[in-house]
Structure formats: C-alpha cells, structure tokens
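Asks:
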Amino acid sequence: MNAFENFNLTTPLYNAVTEMGFSHATPIQVETYSLIRSGRDVVGIAQTGTGKTLAYLLPLLREIKFSKELNPRILIVVPTRELVIQIADYIKELTKYMNVRTLGIYGGVNINTQKKAAIQGMDILVATPGRLFDLAVTRIIQLKSVSKLIIDEVDVMLDLGFRPQIQQIFEMLPERRQNIMFSATMTDEVHELIDTIFVTPARVSIAVSGTPLENIEQSCFEVPNFYTKANFLRFLLLHKHIFKKVLVFVGNKASADRLFETFEETSLAHEICVIHANKSQNYRIRSLEDFERGRFRVLIATDVMARGLDLDRISHVINFDTPHFPENYMHRIGRTGRATEHGKAILFFTEKEKPWKEAIEALMQMEIPEFELPEEVEVESRLTPEERPETGETK
38 MNAFENFNLT
48 TPLYNAVTEM
58 GFSHATPIQV
68 ETYSLIRSGR
78 DVVGIAQTGT
88 GKTLAYLLPL
98 LREIKFSKEL
108 NPRILIVVPT
118 RELVIQIADY
128 IKELTKYMNV
138 RTLGIYGGVN
148 INTQKKAAIQ
158 GMDILVATPG
168 RLFDLAVTRI
178 IQLKSVSKLI
188 IDEVDVMLDL
198 GFRPQIQQIF
208 EMLPERRQNI
218 MFSATMTDEV
228 HELIDTIFVT
238 PARVSIAVSG
248 TPLENIEQSC
258 FEVPNFYTKA
268 NFLRFLLLHK
278 HIFKKVLVFV
288 GNKASADRLF
298 ETFEETSLAH
308 EICVIHANKS
318 QNYRIRSLED
328 FERGRFRVLI
338 ATDVMARGLD
348 LDRISHVINF
358 DTPHFPENYM
368 HRIGRTGRAT
378 EHGKAILFFT
388 EKEKPWKEAI
398 EALMQMEIPE
408 FELPEEVEVE
418 SRLTPEERPE
428 TGETK
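Here the sequence shown stands for residues 38 to 432, where the numbers follow the working numbering.
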C-alpha cells in the first residue's frame, strides 16, 4: 500500500500530493494513515526526515469537509515559529485544490495582525503554545469546535518548558476529540503527558531505520578540544566544491556563539549563519531563508532549534560535539541523505566524549569509521572555560 494512489485520497488532495513530487509513502505514513482516519488517539515515535508531517496531514485532509464555521476544527501545536510557518505553508500546498482555510500564529510578531486574521475564520490552526494561549484566553480564537488535536515535536516542546501552556490549552478543548502526538524520543515527561490526555492510544514507532543509514556515509575524528575542532572545521569548509551545504550541530547556545565568533575574522565569515533560542525570531527566519537560498553555505544550530526544520539538499552534517543522547545523533544525521539522496555525516569527538560516541555506535549496531586528523590542522593548546581542569583548591 505504499503508493499514494492506494490511499484512497480525494482527487484534489491526490493531485496536490503528486504535484509536490510525492508518489510513495514512507513507513510512518503507511503505519498511521488508517489509524488516524479511524478516529483513534495515536502516538507516533518518529524523527524528522521520516515524513511524519505528511503522516498526520494526509488522513486529516482526506476527512475534512467544507464548513462555514469560523472556529478551527483541526488544531496543530508545535514548539517553534519556524515550524508553524513551515507546516502552514505545507498545508496550503496540499489544499490548493480544496476549500480549506489555514492560519499560522506564533509569538514575536504583532498580535493585532494575527487577531485580524483569526477573526476571518479558519479550518486549520497551526500555533505555538504561548501565542495560542494568549489568543484563546481572550476568546479571539475559540477552541470549542476542535475535533482533532495534533501535538508535533512534543519532546522539544516539553524541553522548552511549554508544559503549563499545553495543560491550559487542554482545559479549553472539548473533551470529545481525537488526540494525535508525534515525538522523536520517548521521555518520562512525554509518557506522563500521554497518560494525562490520551485514551488507549495506538502506538506507532518507526525506529532509527526511518533514516536509511545506507544513504549516509559516516566518519569520525578524535579532536582534542574546542579550538582544534574549530580549526578542523575551517579546514574542511575551505573545500567549497565538496562542502556545498553544511549543517553544523553544537550542543548548546554558548558553543554556537563561540564557534560563530571563531569565524568572524576569517574569509568564511560571510558564508556562515547561526540559529539558537536566544536569537530573535526575525533573525532566525531570515537566516534559514538565506541558508535555503544558498546565500549562506553553513548553518550552525543547536539540537532543539534544528529538530523541526525541513532543510533540503544538505551535503554534510557535521557533529561539532558528540551528543550525550545517541538518539540526538540520529536526529542530526537524518538531515542529510534523505529519501534517495546520499549525504555525509562527520563526528568530532574528544577523549571525554568517547563514551557518548560508543553509545551512538551501540544504538546503530555499527562502528563509525575513524580517521586521523589531517596534519594541516593546527592543534590548539588553549581551552574553553568548560574544558579547563578543575584545580580542586578549597578556601
């Protein structure tokens, strides 16, 4: 059943899907399509790059009927503004031959503009929790007609501290509704949320095989410290004909900024941008657009900021540090080698990070080929504050 022509889609929806270049469903789409159409609560565990957005949109759009109702009937809650924009645009593409109104709302922009748009009415609402709560509590948007609730990237949402807003939104929704949740990882917090709002959900888990490892050429290098890693990254990026569109992952905001600063006085400065949660919304959106259009060749990103992004034609994913959770490595490298494309993933690890690298290899059930650091790369002796040994002195 993995061809979309077997999904019994409506003609307008099938035509839009075909025009978007999709012909065959991914495993998560095959597994969830009938379940979601049946009206059951569904929990999907799948990482970015497996086609999970289409997995919930197709069955919902297959069932949606024309209505003059002003209040949303389908509510999609996501953690970041970038995801709102991306999913709302995706829905508009899918519904271009249908009479469906979609609205995306998020914080960081003028709320009055969004109020005016909301008053016009909508069928599908895509929103971040904070702005949704602001508009719902003032009754600009009323949630009494919501029959389908989708929470996407729920693990990221909980990481960002949105649990209170999510709980408040639940209290405004009708009790009779279908709940659909997608998460890349299953954590204690995610489990707790499922127990709170779901009624005997069907669970669908697409393991790391959702990103075909055979499409990704992996390699790793032991590098002694942060500044040597920065030198090595610069060495690689100078090979512009090879490193054409590069996503560099770092573990936190401080490392992202520090790495970005090391490039500021180099010839590569104008080719690199950085996104993390402390950057303004406009800066992040502009940086992503410029990266997609090719104005920037390199994007430095933290895990949380990049997990929901749908970026095309990434030639290389560089893990500047080794993630503490092996699943995060899978999320990262899943950005390259998508579908039938081939990509490359490179991991930098220090002596301290070696156990995390081994945990990644255990999860994948394979060793990452290791190579020697090229002689041309200068090994730095200076350390970051986090790398300096503790003196152990007491006062």
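Beta carbons: idealized from backbone N, C-alpha and C, even for Gly.
Please go through the stretch 200-261 and give each complete beta strand (DSSP E) segment of 3 or more residues, from N-terminal end onward.
Replies: Counting whole runs of 3 or more residues, the stretch 200-261 contains the beta strand (DSSP E) stretches 215-220, 239-242 and 253-259.
Asks: Tell me the residue span of the alpha helix (DSSP H) that contains Ile370.
Replies: Note, Ile370: alpha helix (DSSP H), Pro363 to Ile370.
Asks: If you draw a straight line from the C-alpha of Lys290 to the C-alpha of Ile351, how long is it?
Replies: Rounded to the nearest angstrom, the two C-alpha atoms are 22 Å apart.
Asks: Which parts of the stretch 87-125 are runs of the beta strand (DSSP E), unbroken and 3 residues or longer, counting only runs that do not cross its ends?
Replies: Runs of the beta strand (DSSP E) inside the stretch 87-125: 111-114.
Asks: Can you give me the C-alpha to C-alpha distance between Asp349 and Ala293, rounded to a whole angstrom?
Replies: If you take the alpha carbons of Asp349 and Ala293, they lie about 22 Å apart.
Asks: What is the rounded straight-line gap between the Cα of Gly247 and the Cα of Leu400?
Replies: Only weak support is given to the placement of Gly247: the predicted model assigns it a pLDDT of 44, under 50, and the question is left unresolved by the model.
Asks: Sorted by chain position, which residues of the same chain lie with C-beta nearer than 6 Å to Lys19's C-beta, five sequence neighbours on each side aside?
Replies: Residue 19 lies beyond the residue range present for the chain, which begins at 38 and ends at 432; the question has no answer from this structure.
Asks: In whole angstroms, what is the alpha-carbon distance linking Glu119 and Ile322?
Replies: Distance between the alpha carbons of Glu119 and Ile322: 7 Å.
Asks: Just the Cα atoms here: how many angstroms apart are Thr237 and Val183?
Replies: Computed Cα separation, rounded: 20 Å.
Asks: CB Met218 to CB Ile188, shorter than 7 Å?
Replies: In this structure, Ile188 lies closer than 7 Å to Met218 by Cβ.
Asks: Going by DSSP, which residues form a beta bridge with Phe300?
Replies: Per DSSP, none; premise fails for Phe300.
Asks: Mapping the DSSP letters down to three states, classify Leu273 as helix, strand or coil.
Replies: Helix at Leu273.
Asks: Could you tell me how far apart the beta carbons of Ile113 and Val163 are, in whole angstroms, since I believe they sit closer than 8 Å?
Replies: Indeed, because the Cβ distance is near 5 Å, the residues count as touching under 8 Å.
Asks: Applying the criterion that 16 or more other CB atoms from any shown protein chain within 10 Å of the CB defines a buried residue, is Thr421 buried or exposed?
Replies: Exposed: under 16 other Cβ atoms inside 10 Å.
Asks: What residue range does the alpha helix (DSSP H) around Phe170 cover?
Replies: Note, Phe170: alpha helix (DSSP H), Pro166 to Val174.
Asks: Starting from Ile178, trace the alpha helix (DSSP H) both ways and give me its first and last residue.
Replies: Looking at the DSSP string, Ile178 is not in any alpha helix (DSSP H), and its letter there is neither H nor E.
Asks: I'd like to confirm the pairing. Which residues does DSSP put opposite His61 in its beta bridges?
Replies: BP columns for His61 point to Ala40.
Asks: Distance, Cα to Cα, Thr63 vs Phe170?
Replies: Each residue's alpha carbon lies about 34 Å from the other.
Asks: Based on Cα-Cα distance, which residue from Thr87, Met57 and Thr55 lies nearest to Gln66?
Replies: The residue with the shortest Cα to Cα distance from Gln66 is Thr87.
Asks: Between which residues of its own chain and Glu106 is the CB-CB distance below 8 Å, once the five residues before and five after are set aside?
Replies: These residues qualify, in order along the chain: Gly158, Asp160 and Ser182.
Asks: May I have the straight-line CA-CA distance separating Gly406 from Arg168, to the nearest angstrom?
Replies: Rather than Gly, the amino acid found at residue 406 in this sequence is Pro. About 46 Å.
Asks: Is His353 helix, strand or coil by DSSP?
Replies: Reduced to three states, the DSSP call for His353 is strand.
Asks: Measuring alpha carbon to alpha carbon, tell me which residue in Ile370, Pro392, Val80 and Leu195 is nearest Ile231.
Replies: The shortest C-alpha separation from Ile231 is found at Val80.
Asks: Within 8 Å, do at least three Cβ pairs link the stretch 382-391 to the stretch 411-419?
Replies: They do not touch, by the three-pair rule.
Asks: Measure the alpha-carbon distance for Arg200 versus Phe408 and round it to whole angstroms.
Replies: Whole-angstrom Cα-Cα distance: 43 Å.
Asks: Buried or exposed: which applies to Thr150, given that a residue is buried once 16 or more other Cβ atoms fall within 10 Å of its Cβ?
Replies: With fewer than 16 Cβ atoms within 10 Å of its Cβ, Thr150 is classed as exposed.
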